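Engineer: Using the UniProt record's numbering, the first residue of the sequence shown is number 1, and each one after it goes up by one. One structure is given below, represented as structure tokens, and several questions about it will come after.
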Amino acid sequence: MILVTGGAGFIGANFILDWLRESDELVLNLDNLTYAGNLENLAELVGDPRYAFVHGDIGDQKLIDGLLQKHRPRAVINFAAESHVDRSIHGPGEFIQTNIVGTFNLLESVRAFFTSMSDAEQSAFRFLHVSTDEVYGSLTADDPAFKETNRYEPNSPYSASKAASDHLVRAYHHTYGLPVLTTNCSNNYGPYQFPEKLIPLMIVNALAGKPLPVYGDGQQVRDWLYVTDHCVAIRHVLADGRLGETYNIGGWNEKPNLDIVHAVCGLLDELRPRADGKPYHEQITYVTDRPGHDRRYAIDASKIEHELGWRPAETFTTGIRKTVQWYLDHQHWVGNVQSGAYRDWVEKNYGGRSE
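As structure tokens, this is what we get:
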């Protein structure tokens, strides 16, 4: 059995679905079901004997201790995190609590569990921590892509909290001998992504006839990684990664945000044309940039390719088409996640920004 934390969120849910497509090994999913955690993401697993769900917080050591002792997983994969930069700017406290304090409490529980194992169990056990490229800070247009050896220079409360969690994971390996692995991924996209992030927000707003808000000049560059490729990479790291090592996971797809928005608009023009026949890009609206917006991220994913043989299967062209089609085919899911709280958040974050 493996224990997945944060498995009802976007990446975690995709990981569980991918895992059970490829393996019959049992999955225990622990998720606190905050705004972005959605059990509907895993609806196809209802009744599947290989899957079990527990509602809870990674910071609840008593709960974690009990789960570890009862189920004795051979690995813990930690996706649980607050992960949206804009939300961290408006309210950093939750990010400190979940990403730093929660990770610390989880590590403490796992450390106690690890010390109770036999030598054979310890040899097989892994703690895999899923993190972000944002811990490395921002690049100029001419800088080389982030390598695992780059200095940490986080620029938002979100990335600072993730950087702190990465450091804790590293420390627990070097101090206590916990068999850890860390992955730092680039911008994920694909099915089940909560529509506060760029790509699903553009799809949802475009179909609703709403403005497509683009920060600043839209030339902020990101590396884009299709979520299933990310899931496959994590399985490679879990199986064969060197203990204590970090692996950067990227899509080899650097693109400015504005290009992403135009790509989404072009696909919607093809797959779901506007009733008035006009192009969706007419809905693009430039709004005031967010504070401290990093200009460019880029991942050098050569280490994981050379050591573990992983390289993304999707190009951006194939991945974005699959993503747009998924949202068109799952309008019921989209409608269900757009609660009053979601609408309030979108208004809070974008409503006060001048064009």
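All residues carry an ideal CB built from backbone N, CA and C; glycine is no exception. Since we're looking at a predicted model, the values are computed, not measured.
#1: If you draw a straight line from the alpha carbon of Cys185 to that of Val130, how long is it in whole angstroms?
#2: Once the 5 residues before and after Tyr192 are set aside, which same chain residues still bring their CB inside 7 Å of it?
#3: Return the Cβ separation of Met1 and Leu28 in integer angstroms, given the expectation that the two are a contact with Cβ distance under 8 Å.
#4: I need the DSSP call for Ser23, collapsed to helix, strand or coil.
#5: Taking the runs of the alpha helix (DSSP H) that are 4 residues or longer, which of them lie wholly in the segment 42 to 130?
#6: Keeping to the same chain, check which residues put their C-beta closer than 7 Å to that of Arg111; ignore five residues upstream and five downstream.
#7: Unbroken beta strand (DSSP E) runs of length 3 or more, entirely within the segment 270 to 355: which are they?
#8: Is the CB-CB distance between Phe127 and Val76 below 8 Å?
#9: Using 8 Å as the threshold, is the C-beta distance between Ile199 and Tyr189 below it?
#10: Based on the DSSP output, what are the partners of Phe146 in its beta bridges?
#11: I think Val135 touches Tyr152, with their Cβ atoms under 8 Å apart; what is that distance to the nearest whole Å?
#12: Compare the C-alpha of Gly266 against each of Asn187, Tyr280, Arg295 and Pro256 and name the closest.
#13: Name the DSSP beta bridge partners of Asn155, please?
#14: Leaving aside the five residues before and after Asn336 along the sequence, list all residues of the same chain whose C-beta is less than 7 Å from its C-beta, in chain order.
#15: May I ask which residues mark the beginning and end of the alpha helix (DSSP H) holding Val232?
#16: Tell me Lys255's beta-bridge partners as DSSP assigns them.
#17: Which residue comes first and which comes last in the beta strand (DSSP E) that contains Val135?
#18: Does the segment 248 to 257 come close enough to the segment 299 to 307 that 3 or more CB-CB pairs lie under 8 Å?
#19: Can you name the start and end residues of the beta strand (DSSP E) that Pro213 belongs to?
#20: Cα separation between residue 356 and Cys231?
#21: With distances taken Cα to Cα, identify the nearest neighbour of Pro211 among Gly218, Leu201 and Ala120.
Structural biologist: Per the coordinate set shown:
#1: 8 Å
#2: Phe10, Ala13, Asn14 and Asn41
#3: 6 Å
#4: coil
#5: 61 to 71, 85 to 90, 103 to 115 and 119 to 124
#6: Tyr172, Tyr176 and Leu178
#7: 284 to 287
#8: yes
#9: yes
#10: Ile299
#11: 5 Å
#12: Tyr280
#13: DSSP, once it has assigned bridges, lists no residue as partnering Asn155.
#14: Glu40
#15: Val227 to Asp240
#16: Arg222
#17: Premise fails: Val135 is in no beta strand (DSSP E) and is neither H nor E.
#18: yes
#19: Leu212 to Tyr215
#20: Because the chain spans 1 through 355 in this model, residue 356 falls outside it and cannot be assessed.
#21: Leu201
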